[in-house]
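Read through the structure below, which is laid out as structure tokens, and then see the notes.
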Amino acid sequence: MSKPVRPIKRLPTADAYNQWADVYDHDGNILQLQDDEAFNATVPGLLSTRPPSRILDLGCGTGRHTAKLYRLLPEATEIVAMDMSEGMMSKAKARIDTEPRRDVKITWVLHDIEADSQIPQEARGVDAVVCTLVMEHLRLDVFFGAVKEALKKGGWMYLTNMHPEQGLSSRAGFVAKEGDQEVKIQGVSFNHSIEGILKAAREVGLRLLGEVEERGVDNAEHAQQLGKRAEKWIGIKMHAAMAFCLDLD
Ligand SMILES: C[S@@+](CC[C@H](N)C(=O)[O-])C[C@H]1O[C@@H](n2cnc3c(N)ncnc32)[C@H](O)[C@@H]1O
Numbered sequence: 001m002s003k004p005v006r007p008i009k010r011l012p013t014a015d016a017y018n019q020w021a022d023v024y025d026h027d028g029n030i031l032q033l034q035d036d037e038a039f040n041a042t043v044p045g046l047l048s049t050r051p052p053s054r055i056l057d058l059g060c061g062t063g064r065h066t067a068k069l070y071r072l073l074p075e076a077t078e079i080v081a082m083d084m085s086e087g088m089m090s091k092a093k094a095r096i097d098t099e100p101r102r103d104v105k106i107t108w109v110l111h112d113i114e115a116d117s118q119i120p121q122e123a124r125g126v127d128a129v130v131c132t133l134v135m136e137h138l139r140l141d142v143f144f145g146a147v148k149e150a151l152k153k154g155g156w157m158y159l160t161n162m163h164p165e166q167g168l169s170s171r172a173g174f175v176a177k178e179g180d181q182e183v184k185i186q187g188v189s190f191n192h193s194i195e196g197i198l199k200a201a202r203e204v205g206l207r208l209l210g211e212v213e214e215r216g217v218d219n220a221e222h223a224q225q226l227g228k229r230a231e232k233w234i235g236i237k238m239h240a241a242m243a244f245c246l247d248l249d
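At the far end of the sequence shown sits residue 249, using the UniProt record's numbering, and the numbering has no gaps.
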């Protein structure tokens, strides 16, 4: 029997995430699994070879990676955790409250970089930026303009996004119940090509470190490991990860 087609409801991105926040961490999102794998493979290495004193988690969401950074960073450092969604950020704050206390300061900044590309003062002059699964919601010039304002020269950025192959037929979103009906809720979304991302990065002076890493669902066995929702993505690239450095000149 074919699956019912759910109507799609497009909302302003902050409204979509305010609703998504309650289930975001446990709705079986395959991209998050791939994102965790990519983060664990690259970010601890960057933190030890290019240690930051202040790091910006841009679009921190429910704090999936904010909590990891909180554990990984040396004492007397600072994480600036920025997001536009109060709902997502309140989950991130609750997550950090469950962590054993450390001398790592967290500065919470509720800010929409699309509505106001002027980055707040608290988020400027950081040594590193981590930005995972956020850029899909932003125009490239807005996104990279904000990164350039936030990042110190010599600093680095770790960036992940939905892969454009998956983006041909998917967008970030979740299934909600409205009365008797299930609807798919989505925010604003752009399907950025890898070439487009690299070009926009170069235009603000960001140099690619190493290569772009691409992850997908390789075969049926891999799909089984990832979970039920991975089956339909066999043979499709889903996740792209890359790191950049803002050269001193
Ligand atoms: C898919 S979630 C990713 C959250 C987290 N980085 C992670 O990997 O789980 C995207 C996040 O980007 C935030 N976001 C989207 N557009 C934004 C904007 N214009 N300014 C600030 N945050 C934004 C959303 O509110 C949401 O929390």
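Glycine is no exception: its CB is placed at the ideal position from the N, C-alpha and C atoms.
Bear in mind that the values here come from a model prediction, so they are computed numbers and not experimental data.
Buried or exposed: N161, going by 16 or more other Cβ atoms within 10 Å of its Cβ?
Classification for N161: buried.
Following a CB-centred definition, is S85 positioned closer than 7 Å to any heavy atom of ligand 1?
Yes, ligand 1 has a heavy atom inside 7 Å of this Cβ.
Going by beta carbon distance, what residues of the same chain come within less than 7 Å of P17, once the five residues before and after it are set aside?
Note that residue 17 is Tyr in the sequence shown here, rather than Pro. S85, G87, M88 and G187, listed in sequence order.
Considering only the beta carbon of each residue, do V109 and H65 sit closer than 8 Å?
No, Cβ-Cβ distance for V109 and H65 is not below 8 Å.
Mind checking whether L133 and D35 have CB atoms under 8 Å apart?
In this structure, D35 lies closer than 8 Å to L133 by Cβ.
I'd like to know whether the C-beta atoms of P7 and V183 end up nearer to each other than 8 Å.
Contact flag set, yes.
Count the other C-beta atoms from every protein chain shown that fall within 10 angstroms of the C-beta of Q225, then say buried if there are 16 or more, exposed otherwise.
Q225 is exposed by the Cβ-count criterion.
What do you reckon, is the C-beta of T107 under 7 Å from a heavy atom of ligand 1?
Not so, every heavy atom of ligand 1 lies at least 7 Å from the Cβ.
Return the chain-ordered list of same chain residues with a C-beta closer than 7 Å to the C-beta of L194, the five sequence neighbours on each side being excluded.
The residue asked about is misnamed: residue 194 is Ile in this sequence, not Leu. Same-chain partners within the cutoff: P164, V212 and A240.
Could you spell out where the beta strand (DSSP E) holding M238 opens and where it closes?
Start and end: K237 to L246.
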